[in-house]
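J.: Residue numbers (this note's numbering): 56 to 337. No residue lacks a Cβ here, since even glycine has one placed at the ideal position from N, Cα and C. Since the structure is predicted, the reported quantities are computational estimates derived from the model, not experimental observations.
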């Protein structure tokens with residue numbers, strides 16, 4: 056799966072043709088280690104089909120992924136795959152991480168994820184998002200893989216990662232530009248997500264979404280008021296580097312080598328004002 060041949064336009068990750076630049080990275084098996092005792096030891100190994108790595112997800116002690124059992128794909132040596140046979144003979148699989156046993160598996164047939172193919176897991180839902188000429192969302196019951204609802208939506212744009220956005224799942228809602236959905240029913244709750252610009256995807260942080268907003272600035276969109284706050288001349292680096300953690304927002308500098316100029320190229324940390332006031336009192 057090594058990515059060594061990255062020169063020329065056809066290798067550009069932002070492509071739309073399902074060619075070499077947007078190949079799916081896959082694996083032959085997945086394994087678990089026991090953390091009991093002073094030394095970690097191999098505990099189990101699952102091997103059947105070819106696993107699509109962007110679909111590996113975990114919730115509680117359950118591991119979920121999608122694999123193809125197509126014989127043509129299994130016989131190939133390369134595990135960066137653009138062969139359309141990858142999208143046939145697919146199964147959604149659930150494994151118990153304690154012992155590696157298969158709890159259930161279901162054959163699935165969705166739109167081909169020629170550009171992106173993501174799986175996310177919550178306690179009771181699995182969310183599969185495929186992108187080819189638009190976004191296609193599928194949800195399943197986590198306890199058995201039964202389908203619940205599915206919807207398709209147009210891309211907000213088809214360049215600078217607009218067509219390969221990663222959904223944000225937060226509480227009982229799912230956000231995928233430009234829409235916010237009720238996770239239980241698929242009902243569209245909003246079409247007014249803060250507009251993203253440049254190569255970036257959204258990050259969920261409590262009651263807000265963080266992203267590159269107008270003029271590539273760090274922006275925060277309120278789910279409640281649907282209003283946006285931005286910080287001038289502060290830009291997160293490409294794709295995903297905004298980290299909500301321990302009540303703070305951390306943004307490591309990652310754009311110093313970018314040809315886009317005019318930014319304060321520095322790492323940043325934000326803390327809620329109320330915490331600063333509490334600290335001052337202490």
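1) Once you ignore the five residues that flank residue 165 on each side, which residues in its own chain have a CB closer than 7 angstroms to its CB?
2) Taking DSSP's pairing of strands, which residues face residue 259 in a bridge?
3) Roughly how many angstroms lie between the CA atoms of residue 136 and residue 79, to the nearest whole one?
4) Tell me, to the nearest whole angstrom, how far the beta carbon of residue 271 is from that of residue 253; I am working on the premise that it is less than 8 angstroms.
5) What first and last residue would you give for the alpha helix (DSSP H) that runs through residue 111?
6) State yes or no: is the C-beta of residue 285 within less than 8 angstroms of the C-beta of residue 273?
7) Taking the straight line between their C-alpha atoms, what separation do you get for residue 108 and residue 114?
8) Is the region 194 to 203 close to the region 245 to 252, with three or more CB pairs under 8 angstroms?
9) Closest by CA to residue 205, which one among 229, 296, 217, 250?
10) Please identify the residue among 112, 263, 145 whose C-alpha is closest to the C-alpha of residue 167.
11) Could you say which of 234, 256, 200 lies nearest to residue 219 if we only look at CA atoms?
12) Classify residue 154 as buried or exposed, calling it buried when 16 or more other Cβ atoms lie within 10 Å of its own Cβ.
13) Does the contact criterion of 3 or more C-beta pairs under 8 angstroms hold for the region 287 to 301 versus the region 259 to 268?
14) Give every residue of the same chain whose Cβ lies closer than 6 angstroms to the Cβ of residue 125, excluding the five residues on either side of it in the sequence, and list them in chain order.
15) CB of residue 238 to nearest heavy atom of the ligand ATP: below 7 angstroms?
16) Roughly how many angstroms separate the alpha carbons of residue 232 and residue 187, rounded to a whole number?
17) Less than 8 angstroms between C-beta atoms, sequence neighbours within five positions excluded: which residues of the same chain meet that for residue 318?
18) Determine the direct distance from the alpha carbon of residue 234 to that of residue 223, and round the result to whole angstroms.
19) Roughly how many whole angstroms lie between the Cα atoms of residue 151 and residue 181?
20) My guess is that residue 216 and residue 83 are in contact by the Cβ rule of under 8 angstroms, so how many angstroms apart are they, rounded?
21) For the beta strand (DSSP E) containing residue 228, list its first residue and its last residue.
22) In angstroms, rounded to a whole number, what distance separates the CA positions of residue 172 and residue 76?
23) Which value, in whole angstroms, describes the spacing of the CA atoms of residue 292 and residue 203?
24) State the Cα-Cα distance for the pair residue 99 and residue 112, rounded to the nearest angstrom.
25) Using only CA atoms, which one of 97, 129, 81 lies nearest to residue 87?
26) Can you list, in chain order, the residues of its chain with a C-beta nearer than 6 angstroms to that of residue 200? Leave out the 5 residues immediately preceding and following it.
27) Near residue 138, which residues of its chain fall below 8 angstroms by C-beta distance, leaving aside the five closest residues on each side in sequence?
28) For residue 123, count neighbouring Cβ atoms within 10 angstroms of its own Cβ and tell me buried if that reaches 16, exposed if not.
29) Express the C-alpha separation of residue 85 and residue 211 in angstroms, rounding to a whole number.
T.: Taking the structure as given:
1) 183, 185, 191, 193
2) 264
3) Taking the straight line from one Cα to the other gives about 5 angstroms.
4) Contact holds; Cβ gap of about 5 angstroms.
5) Premise fails: residue 111 is in no alpha helix (DSSP H) and is neither H nor E.
6) yes
7) 16 angstroms
8) Contact between the region 194 to 203 and the region 245 to 252 is absent, because fewer than three Cβ pairs lie under 8 angstroms.
9) Measuring from the Cα of residue 205, the nearest candidate turns out to be 229.
10) Taking only the C-alpha atoms, the option nearest residue 167 is 145.
11) 256
12) exposed
13) With a cut-off of 8 angstroms on Cβ pairs, the region 287 to 301 is in contact with the region 259 to 268, counting three or more such pairs.
14) 140, 143, 144
15) With respect to the ligand ATP, the structure shown offers nothing to examine, as it has no ligands at all.
16) 15 angstroms
17) 271, 288, 289, 290, 310
18) If I take the Cα positions, the gap works out to 11 angstroms.
19) 16 angstroms
20) The pair is not a contact, with the Cβ atoms about 29 angstroms apart (cut-off 8 angstroms).
21) 228 to 231 is the extent of the beta strand (DSSP E) around residue 228.
22) So the alpha carbons of these two residues sit roughly 14 angstroms apart.
23) 36 angstroms
24) Cα atoms of residue 99 and residue 112: separation of roughly 17 angstroms, rounded to the nearest angstrom.
25) 97
26) Same-chain partners within the cutoff: 147, 159, 161.
27) 127, 128, 131
28) buried
29) When only Cα atoms are considered, residue 211 and residue 85 end up about 35 angstroms apart.
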